[in-house]
Each structure stands twice: as structure tokens, then as C-alpha cells.
Amino acid sequence: MDARSANKVRAGDLKGPRQGRGPDDSVVCQRPGGRLCYGSRDDSKGERLPLALQPADGKGFSTYPPPTCTAQSGLNTLSQRVLRKELTTPSSLVLMSRSNAQPTAAAGQDSCGPNSMRTFTIDDFEIGRPLGKGKFGNVYLAREKTSHFIVALKVLFKSQIEKEGVEHQLRREIEIQAHLQHPNILRLYNYFYDRRRIYLILEYAPRGELYKELQKSRTFDEQRTATIMEELADALMYCHAKKVIHRDIKPENLLLGLQGELKIADFGWSVHAPSLRRKTMCGTLDYLPPEMIEGRMHNEKVDLWCIGVLCYELLVGNPPFESASHNETYRRIVKVDLKFPHSVPVGAQDLISKLLKHNPSDRLPLAQVSAHPWVRAHSRRVLPPSALQSIP
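Under our numbering, the first residue of the sequence shown is numbered 3, with each subsequent residue one higher.
Below you can see the structure in the form of C-alpha cells.
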């Protein structure tokens, strides 16, 4: 197993194996031999990472939703707070029409009009091939029978979610992702549930995972990397304006739309959190910023560090602080021991160096990432058709 094998990180334990986790709190195996398909999760067991949500203080990033679910309250609380709550968005199928996946029949029929709050059941969908399998359920290609609109249907088992005590993480994924509408963020159109399962109706990303494309080519050229950086900066500016911190940007959590446009997915680690009050250790060690490794309070600027690490990995083929041992990776991150191979262009080095600053306040703001000369010179961002339509 190489240095980037899937392992787990938690506060105070940098010697254990490292794991990334998805929105259903399942393990994300990151490297060859353990990585599954789009939306997939490894079935291996692992201790859940602490969340330690802080109460809102009325300043900056407010806590939303309140972390009231516990292993004892189980899905009773989840059902009350999430599964029976109508989304404050137009009809899911109207929103579906703004996806890059092309329906074979027009959406927006009478039962799916803009004022409709249709309740879905599994009988409304034709189920296709599996897109991924994981600890809490599976993801399938699916088609809504009336509109013939293609989606990714994530099927989660209530028993597993309750057993692992991850109701809060599922609730957070639904509450946050369902209200984000941006061309570079994977849409959560709607959800429904029955006695045994919870179903998330997700935008289908036809070209799959960015990680898999990176595996094939090992590195990306300047044009593709700069384009991804512009897309990420724009999407994260949108998230931060909504007081959402993603906290787990990495190739495994990025999908590709029909035209190759980026789609940020996996909002299970994202939070509406008080500024400077987050102390949770989460995500993947290679992408963790110094303040999270050291257990210091952190804010939305953790996402700036993550995209700096990502930019380096896309150009070089591995993260900047990757080492043979966790302790060495830890040391290099907190010291910002950053070394560039000669193959990295000077402009990209400048951008990465300005993002990978130990002091979060010194990191290049997202607006300046988009405006950086290297990004402007090489980005070929193409907005999908959905971005040209006004979203009500």
C-alpha cells in the first residue's frame, strides 16, 4: 500500500490509517485497489471522525442545521427534521431541466410545474446500472418515468445510518446541498423515503470522477488545471457567500458534467459553521491545512488551502506534502515545506504558493484566484447550458 492509500485521520492520532469520508459518512478509499465508481464508498469499517459542531453566536458563519440527532434519537429526529420537510425550491423536475444531462422528453409537465411540490416514490423511477456501492447503500443510474429525465439515485439504508449514528451527516448533506444552485456544484434535486430506505435524487455527472481521469493521465496540463481552478474558485465563492464551508475539496470529491465542467460533490463534511469556531478534524491528511491538523479554530479559508493542494496535485501527480509516513506529512504541512519540481510553470508556482500559507488570513482570496494572471492566461472555462438559464 502506497503513501496515498486510504487512511483515517482524527485529532490526536496521526499514526493511524487515513480515510476520507463522503456525505453519508462512509469511507472513501482514495487510491488504486480501493477506489470505487462514481458516488461509491468502500465497505471497510472505521471509527467515525468527531464533528463537535459549535452553537451559533450570531456572527459570521452560523450553525445550520442544529446538530440535534444522536444515536439514541435515531431516525425519528431525522424524519422530523429532514425527511418530512419540503424543500424551499421549485419542482425538482423543473430544476432537473437545468442539469447537463439531457432528458429524452421535456420536463415541466403538469404534475411537475413550477408551483408543484410533487412527492416521489421509487415507483416513479426506472432503475439502471449501479454507479457505485458503499457502506450505507448504493448509487444507481435512474430515469424518471414521466419526463424520462436521467438522474443518479442514491439509495441509503435507514438501519445502517442509524446503526452508525450518522443521521446528522445525512441531514447536513440534504439541508445544505439541496439549497445550492451553481453550475459547478452537483445538484441535489429532491429526496424521498420509505420504511427501509432514504433516496436522494442527484444530478447525474455523465463523465464521472475527476480522480479517475487524473489516474489515467497522471497529470493535467496548464489549460485543464487553470480551468478547474477558475471553476472551483467561482463555486466556492458562491458557497462561502451562502456561509457554507466545504472542507473536503480533493479529486475524489469532484465530478465531471457532460462538457467536462467541474461539479463539486460530497457535502457530508461541509458545514454552516461559526467563523473561527470550527475545531473538527476531518477530511484527508494530504489536504488538511495546518490549523486543522493542529486543532486550532478554522473558518472558510480551509477551502483556500485545499484548492492550493489540488492545483499542485493536478500538475505534479501527487500532493505537495505527501510523505512515506503520517508524521512526516504532518511535519511538512505545519512547516509548509513546499517544493516544486521544474515541470511546474512559474505562474502556477506563484498561485499555489499564495494559497498554501500557514496563516489563513494570508491566503489568496478566491476572487483573486480567478483573476490570477496564470489562471486568466490558461483557463478555458465553458459554462454549461444550465448556467445560461435564470434560476428562480
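From the three backbone atoms N, C-alpha and C, an ideal C-beta is built for every residue, glycine too.
Let's see if you can read the secondary structure: which residues bound the alpha helix (DSSP H) around residue i?
i	result
Glu296	Counting along the chain, Glu296 falls outside any alpha helix (DSSP H), and DSSP gives it neither H nor E.
Tyr193	Unbroken run through Tyr193 is the beta strand (DSSP E), Leu190 to Tyr195; no alpha helix (DSSP H).
Gly259	From DSSP, Gly259 is part of no alpha helix (DSSP H); its letter is neither H nor E.
Ala144	Premise fails: Ala144 lies in the beta strand (DSSP E), Gly139 to Glu146, not in any alpha helix (DSSP H).
Ala350	Val348 to Leu357
Tyr213	Leu212 to Ser219
Arg199	From DSSP, Arg199 is part of no alpha helix (DSSP H) but of the beta strand (DSSP E) over Arg199 to Leu204.
Arg173	Glu169 to Gln179
His328	His328 to Lys337
Gln225	Glu224 to Ala243
Ser372	Leu368 to Ser372
Asp305	Val304 to Val318
Round the Cβ separation of residue i and residue j to the nearest angstrom and send it over; I've been treating them as touching at under 8 angstroms.
i	j	result
Ile230	Leu155	The pair is not a contact, with the Cβ atoms about 27 angstroms apart (cut-off 8 angstroms).
Leu1	Arg189	Shown here, the chain extends from 3 to 394; a query on residue 1 therefore has no answer.
Leu256	Lys244	That belief does not hold up - the Cβ atoms of Leu256 and Lys244 are roughly 19 angstroms apart, past 8 angstroms.
His184	Tyr240	5 angstroms
Glu233	Asn186	5 angstroms
Ala144	Gly134	That belief does not hold up - the Cβ atoms of Ala144 and Gly134 are roughly 13 angstroms apart, past 8 angstroms.
Less than 7 angstroms between the C-beta atoms of residue i and residue j, yes or no?
i	j	result
Val338	Leu353	no
Lys356	Leu366	yes
Arg334	Phe342	no
Val336	Pro292	yes
Asp305	His248	yes
Arg220	Gly310	no
Gln225	Arg382	yes
Arg198	Lys160	yes
Ser372	Ala237	no
Val384	Gln261	yes
Phe269	Ile178	yes
Report all residues from its chain with a CB closer than 8 angstroms to the CB of residue i; omit the five preceding and five following residues, and keep chain order.
i	result
Thr227	Cys313, Leu316, Leu317, Ala350 and His380
Tyr201	Phe122, Ile124, Leu155, Lys156, Val157, Leu158, Tyr193, Phe194 and Tyr195
Gln162	Lys137, Phe138 and Gly139
His242	Glu302, Asp305 and Leu368
Quick check: the Cα distance between residue i and residue j, rounded to an integer number of angstroms?
i	j	result
Asn78	Thr123	Annotation note: pLDDT 40 at Asn78 (below 50); position unreliable, coordinate value reported separately. Distance between the alpha carbons of Asn78 and Thr123: 20 angstroms.
Ala326	Tyr289	15 angstroms
Gly139	Leu212	22 angstroms
Tyr191	Glu302	25 angstroms
Arg378	Asp250	25 angstroms
Pro132	Ser363	43 angstroms
Glu263	Trp307	22 angstroms
Leu340	Gln171	33 angstroms
Lys147	Tyr206	16 angstroms
Arg298	Lys252	21 angstroms
Ile295	Thr286	10 angstroms
Trp401	Gln370	Not covered by the structure: residue 401. The range shown for the chain is 3 to 394.
Phe151	Tyr142	14 angstroms
Val348	Pro321	18 angstroms
Val246	His344	36 angstroms
Met98	Leu182	In this prediction, Met98 scores a pLDDT of 37, lower than 50, which makes its location untrustworthy; no coordinate-derived value is stated.
Lys214	Gly167	31 angstroms
Tyr2	Val153	In the structure as shown, the chain starts at 3 and stops at 394, and residue 2 therefore has no counterpart that could be examined.
Glu169	His328	30 angstroms
Just reading off the beta strand (DSSP E) that residue i is part of, what are its end residues?
i	result
Arg378	Where Arg378 is concerned, there is no enclosing beta strand (DSSP E), although the alpha helix (DSSP H) it sits in stretches over Pro375 to His380.
Leu133	Phe127 to Lys135
Met154	Note on identity: in this sequence residue 154 is Ala, with Met being the wrong assignment. Run containing Ala154: Ile152 to Phe159, per the beta strand (DSSP E) assignment.
Please return the same chain residues whose Cβ sits closer than 7 angstroms to the Cβ of residue i, not counting the five positions on each side in sequence.
i	result
His360	Pro292 and Val338
Phe127	Ala144, Arg145, Glu146, Lys147 and Leu155
Once the 5 residues before and after residue i are set aside, which same chain residues still bring their CB inside 6 angstroms of it?
i	result
Glu330	none
Val346	Leu317
Phe222	Leu316
Ala267	Leu188, Asn255 and Leu257
Asn117	Because the pLDDT at Asn117 is just 30, under 50, the model does not fix this residue reliably, and the value given afterwards should be weighed accordingly. Once the five neighbours on either side are set aside, Asn117 has no close Cβ partner at all.
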